[in-house]
Amino acid sequence: MKGLICLAGCLAVLFCGQIAAGGTYLDRFDVPDDAEYIGSEDCSMCHEEVSDFYAHSAHHPERGLAIPGTDIAGCEACHGPGSVHVDEGGEGWILGYEDLGALGPDGRAAMCTQCHTDLDLNWHTSAHAGTEISCNDCHRDQVHHGGLARPAGEYRNQTEFCLQCHTETAAQFRMPHRHRVLEGHMTCTDCHNPHRGVDTGNWDDLNETCLTCHTQMAGPFVFEHAGVEGEECLTCHRPHGSQHDKMLTQSGNGLCLQCHVEMAFSTDQNWSLGGQAHAGLMMGEARCYDCHREVHGSNTDPTFYDR
Amino acid sequence: MKTLMTTLTLILLAGLATALAGDLPAQAQRIWAPAGDVIGNQNHLTATGMLNDDHGDAVKAGEELDIFGEYLGQGLFGWRHVMDNSHTLRARGLFDNYAGGGLAGDGMIASTSPGTYRATLSYHIHDLRYDRDAELRNPTFPTVMPPQLAITPELEWRRGQAEVSYHVSSALDLRVGADDMRREGRKSALTRRNPPGVQTVDSQAARFWLGGTTRLGALAADLELSTTTSENDRAYQSGHVYADERDRYSASLDAAYDLSPAWRVLANGRMSRLEHTGTESGISNPGDTDGDTDSAAYQLAVLGRLGKATTVRASARFDMHDTEASLLGVDGDAVQYAADRERDRQQYQVVIGNRSLPRTSLKLRYRYTSGESNEIIGIGGRPGYGLETASQSLDQESTRHDASLRVRTRLARHVKLTCSLRHSALEVDQDRTWDTDDDQPWFGVLGDHERDRTMWRLALQTRPSRRLPVDVGLRGFDQTFQRTGEEMAETQASMVGVFANANWLATDRLTVFAMVTYGSESYELTGVEPVGSFEAFNVDATTLRLSPGAMVQLTECLQLEGWYEGVFFEDTGDQSDSLNAIEADRDRLQVRARWQAMDRLAVTAGYARNELDENRWDDYIQHLWTLSAHTGF
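Chains as they are written, first to last, in the numbering used here: chain A, 75 to 381; chain B, 6 to 638.
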């Protein structure tokens, strides 16, 4: 019920508000009052190399792709109205490289997302937002001033592109038990969306990301381990790679015993767990999930036992 | 010793390259790429032959040959064509015949018209082979070789993806896609009754989605509808056989409205329904399974700027799950077990970012989560209908606080410091009731418990010179878990790690890189005295990873690269009678030479040596020789 009230309130705000037009990154600059949008034809007369750079890009003025709801297209979509700059022979006001660079990462993202609406919706929740990273750092070959990363087109696949910064993850993918990403079976974006996060704004919750492929773990089960809905898969697994089989965070039974330990376990020679003696099993070669195999959930046994 | 030799070799290469310094570009590190691989948008074709030579433990070496094969081939191609109207066609592929299997690999074709549409189609086929005894690796094993499967389990894995996006107008973009994944074959699986065993798998999951994004003035919205259908047939050597079918229907809506240049309201909603039917047999209580879960989540958030230096994000989120699941008798004639479960969760979060301090940014986040869960499981009938012969219910309330602070500051022109601290505190209260014949609870639950976690990180990014970025850092993790109900007990887990990464563009012809990480992890029960071999469950482990490498352009036609990676793991926490410590060392050494024979022909020769050395039973060495030819067209 609370959710419905929340949704209704949200819709009321969205559709009843006639408060103000949406702001753009241009609001952060002092744009001359007499500056007007004049189109990009004049730009290529002096900036021929930039025009060539965009020859096969969606950004080229000839594509005619305008900022949604406006007629502003081409160079002026990012650099602002160009009339003053042209009238004064290239000396007048325009947003140059230095100006746009001074925007900061969030300002540059705002510039790009005025057209890339789908990315605009949830960029603020992404792990990249709020860092030094902005659009041009990865999409260097889409804009004519590069950022931190080498162009994506220089890489054989998307994974290599991401790993040029995420070197630690590259090391994890070389662990003996891992998702086969370096081998090319998967890519980073099968699980991660670089433009949005998982905590808010995106309802692909962390577990659901895993359950997209591991559908047999999704249940619903009669007897459910807290991990499936109440906790996160990452409580027990390291999906990039682990020293331990099944990509577990810890080897052997220590992982299970972090939670499933009882006072009787440590004072009873039988190592009692759940009223059952476990000493003989644990001193041998057994692991908890050898017997309690349906650890994600079971329809037949409350202790997830395979019997 | 090997590390020393590698280091000396790298120094020699560095000196040689410095002497031959010219204006050729230094290379980026791509240590994971196969020999002869190329990057870039140019048209190319590469063919590679490999010879795999295994030594060491005969059984283990034989197993590696089974998994990988002895004579291997790999092909890579890329093609790109841009038409006069900017319409672009691309095709890429990577294929191999590892382990003597059929043709496997990845292929992709794409068609793009900038600003109009983009279509991609990809297909992957891979044969996965499993260690005959990999799942048996465990510190509590004795030093003798564990039993092995007679054959190497093999699983065929196929995946196809297709997606089309179309720019309808400046206010509307549409997308549609499909994804199909199939697995068929056998995996290794340890079964208690007859170790080791295999699991037979035959599964398929297909997902279709349709979405659209629109922008009308200050309003932007994205809607996506999707459906997933999956079938999972599994059989364990123990006799347990599953046949499952699942359907999931989902809808999500993201919307944003700009209230002013500085403030925005966001709303998100998601609903999904999961339906499941199946059968389980080969066990003591076989039957048909049936269940469904309805989920919904809503969020309202405000995002804004306060002045030029402060950003604020505040959000409220509500989650609801309603599940019914049951195990029926064979042919669905009677209810054996049935569960009715409801979960609600409320989450409130505020994030404040600030850049008012000189050269410094701060981000403070706090999140409060509360949840309620009510579950009742009945025997012989569905809960609430009065037909059940016994039942047990669990009412749970939980609260969780998450707080984090991240500070980034520029100490000097080329020195940045990042500090982050996260703390989470979880408290769960469980109330269990039951109605059984013997007036005893049917099964146990965890009971009241608390968990505190702290994670911290310090990282220093420096650039001592324009050509030498160096990153160093330290991070840690601490967790305390307490069962505060009847079964009082406490466990502690902790980890501390240090890392350093350098990438030195020594000259225009030489790049030297190195990464070092060292970490320790421990796990222990506290507050009780060890009894018998109780300490066998403590973990006190260290892991050292050392990875130096170099790439050098010796002449205009000849490039050399060398790379070493060592991972050294030791666990001295195991005090069992049979084994006092686990030591597992992994060494990888890789060298390559690339010769640009002609304008459009390059030949690459490579050698890789992989060694796994454990103090139990897994020692083996793999030598991999490669020769590849690359041509551009």
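Glycine included, C-beta positions come from ideal geometry on N, C-alpha and C.
Residue range of the alpha helix (DSSP H) that includes residue i
i: R182 (chain A); result: P179 to T187
i: D126 (chain A); result: E122 to F127
i: Q153 (chain B); result: That residue, Q153 (chain B), is in no alpha helix (DSSP H); it is neither H nor E in DSSP.
i: F363 (chain A); result: Contrary to the premise, residue 363 (chain A) reads as Tyr rather than Phe in this sequence. It spans C362 to C365 - the alpha helix (DSSP H) in which Y363 (chain A) sits, taken as one unbroken run.
i: G328 (chain A); result: G328 to L331
i: E234 (chain A); result: Q232 to L237
i: D513 (chain B); result: Looking at the DSSP string, D513 (chain B) is not in any alpha helix (DSSP H), and its letter there is neither H nor E.
i: L193 (chain A); result: T191 to D194
Residue i - partner residues in DSSP beta bridges
i: N379 (chain B); result: B:E347 and B:D400
i: Y128 (chain B); result: B:G112 and B:G165
i: H172 (chain B); result: B:D178
i: T282 (chain B); result: B:E250 and B:D295
i: D184 (chain B); result: B:Q166 and B:R212
i: A301 (chain B); result: B:M276 and B:M325
i: Q445 (chain B); result: Paired residue(s): none; Q445 (chain B) is not in a bridge.
i: M520 (chain B); result: B:N506 and B:S552
i: I626 (chain B); result: B:H60 and B:E616
i: D207 (chain B); result: B:E189 and B:D238
i: W461 (chain B); result: B:L426 and B:G481
i: S361 (chain B); result: In the DSSP output, where bridge partners are listed per residue, S361 (chain B) has none listed.
i: Y371 (chain B); result: B:V355 and B:A408
i: Y379 (chain A); result: DSSP output for Y379 (chain A) lists no bridge partner at all.
i: Q324 (chain A); result: Answer by DSSP bridge pairing: none, since Q324 (chain A) is not bridged.
Span of the beta strand (DSSP E) around residue i
i: T241 (chain A); result: It is not in any beta strand (DSSP E) - T241 (chain A) instead sits in the alpha helix (DSSP H) that spans T241 to Q246.
i: T51 (chain B); result: H49 to G61
i: S208 (chain A); result: Premise fails: S208 (chain A) is in no beta strand (DSSP E) and is neither H nor E.
i: L451 (chain B); result: Run containing L451 (chain B): none; DSSP gives neither H nor E here.
i: E561 (chain B); result: Looking at the DSSP string, E561 (chain B) is not in any beta strand (DSSP E), and its letter there is neither H nor E.
i: E432 (chain B); result: V420 to D440
i: Q79 (chain B); result: Y76 to V87
i: D101 (chain B); result: T93 to D101
Whole-angstrom C-beta distance between residue j and residue i, which should lie under 8 Å
i: T219 (chain B); j: A226 (chain B); result: 5 Å
i: Y528 (chain B); j: G328 (chain A); result: 5 Å
i: Q401 (chain B); j: I382 (chain B); result: With a Cβ gap of about 14 Å, Q401 (chain B) and I382 (chain B) do not count as contacting.
i: M113 (chain B); j: T125 (chain B); result: 7 Å
i: E68 (chain B); j: R137 (chain B); result: 6 Å
i: Y353 (chain B); j: A321 (chain B); result: 5 Å
i: N267 (chain A); j: E306 (chain A); result: Contact flag wrong, Cβ pair sits at about 17 Å.
i: I141 (chain A); j: G154 (chain A); result: Contact doesn't hold; Cβ gap of about 12 Å is too wide.
i: H406 (chain B); j: S375 (chain B); result: Actually they do not touch by this definition, with Cβ atoms about 10 Å apart.
i: V173 (chain B); j: R180 (chain B); result: Not really, about 11 Å apart at Cβ, beyond 8 Å.
i: G296 (chain B); j: P294 (chain A); result: 4 Å
i: H60 (chain B); j: A52 (chain B); result: With a Cβ gap of about 27 Å, H60 (chain B) and A52 (chain B) do not count as contacting.
### Message
Could you tell me which whole beta strand (DSSP E) segments of length 3 or greater appear in the stretch 574-619 of chain B?
### Response
587-603 and 606-619
#### Entry: Residues within the stretch 285-299 of chain A neighbouring chain B, beta-carbon criterion of under 8 Å
T286, C287, T289, Q290, A292, G293, P294, F295, V296, F297 and E298
### Query
Which parts of the stretch 145-174 of chain A are runs of the alpha helix (DSSP H), unbroken and 4 residues or longer, counting only runs that do not cross its ends?
150-153 and 157-161
### Query
the stretch 129-157 of chain A: which residues have C-beta closer than 7 Å to a C-beta of chain B, in chain order?
H130, S131, A132, R137, L139, A140, P142 and G143
#### Entry: Length-filtered (3 minimum) beta strand (DSSP E) runs lying within the stretch 217-246 of chain B
224-241
### Query
Can you list, in chain order, the residues of the stretch 496-528 of chain B whose Cβ is nearer than 8 Å to any Cβ on chain A?
T496, A498, F504, N506, M520, T522, E526 and Y528
### Query
For the stretch 188-210 of chain A, which residues have a CB atom closer than 7 Å to at least one CB atom of chain B, in sequence order?
T191, D192, D194, L195, N196, H198 and G204
### Task
With 7 Å as the C-beta to C-beta threshold (strictly closer), list the residues of the stretch 591-620 of chain B near chain A in chain order.
none
### Message
If the cut-off is 7 Å on Cβ atoms, which residues from the stretch 245-263 of chain B count as contacting chain A, listed in chain order?
### Response
H245, D249, R251, S257, D259, A260, A261, Y262 and D263
### Task
Taking a Cβ distance cut-off of 7 Å, strictly less, list which residues of the stretch 273-297 of chain B are near chain A, in chain order.
N273, G274, R275, L279, H281, E285, I288, S289, N290, T294, G296 and D297
### Near-chain A residues of the stretch 224-237 of chain B (beta-carbon distance less than 7 Å), N- to C-terminal order
L224, A225, D227, S235 and N237
### Message
Beta carbons nearer than 9 Å to chain B: which residues of the stretch 231-245 of chain A have them?
### Response
N231, T233, E234, L237, Q238, T241, E242, A244 and A245
### Chain-ordered residues of the stretch 89-117 of chain B with a beta carbon less than 7 Å from chain A
S91, T93, L99 and D111
### Query
If contact means a Cβ-Cβ distance below 7 Å, which residues of the stretch 316-336 of chain A contact chain B?
Q317, D319, Q324, S325, G326, N327, G328, L331, Q332, C333, V335 and E336
### Task
Can you give me, in chain order, the residues of the stretch 460-493 of chain B that have a beta carbon less than 8 Å from any beta carbon in chain A?
Q484, F486, R488, E492 and M493
### Task
Could you please tell me which residues of the stretch 362-381 of chain A, in chain order, have their CB closer than 7 Å to any CB of chain B?
D364, C365, N373, T374, P376, T377, D380 and R381
### Task
Output, in sequence order along the chain, the residues in the stretch 169-184 of chain A whose CB is closer than 9 Å to any CB in chain B.
G178 and D180
### Task
Please list the residues of the stretch 347-369 of chain B that have a C-beta atom closer than 9 Å to any C-beta atom in chain A, keeping them in chain order.
R348, D349, Q351, Q352, Q354, V356, G358, R360, S366 and K368
#### Entry: Interface residues of the stretch 62-86 of chain B facing chain A [CB-CB below 7 Å]
none
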